[in-house]
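Under the working numbering, the first residue of the sequence shown carries the number 1, and numbering increases by one thereafter. Idealized CB from N, CA, C, for every residue including glycine. What follows is a set of notes on a single structure, which appears directly below.
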Amino acid sequence: MGRELERKGNPIRSRKADHIHICLNENVEAKNVTTGFEEIFFIHRALPELNLEKIDL
């Protein structure tokens with residue numbers, strides 16, 4: 001019943017509800033596809049010379 005109410009209302013909510021339902025109930029995992037993040041490495045460089053009082057957020 002909840003999904004039927006979503007379909008009758010806002011079309012964006014309906015698409016979102018369908019998307020969540022598919023992701024939770026279907027096999028949507030890509031095979032042999034990565035984000036590429038396994039190739040990225042960050043070099044840590046501390047910044048001890050910074051004066052935190054001069055940083056304007």
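- Closest in alpha carbon position to L47, among I55, I40, F41, is I55.
- Separation of the CB atoms of V28 and I22 is rounded to 7 angstroms, and the pair is thereby assigned contact status at 8 angstroms.
- Look at P11 here: in three-state DSSP terms it is helix.
- In the three-state reduction of the DSSP assignment, F37 falls in the helix class.
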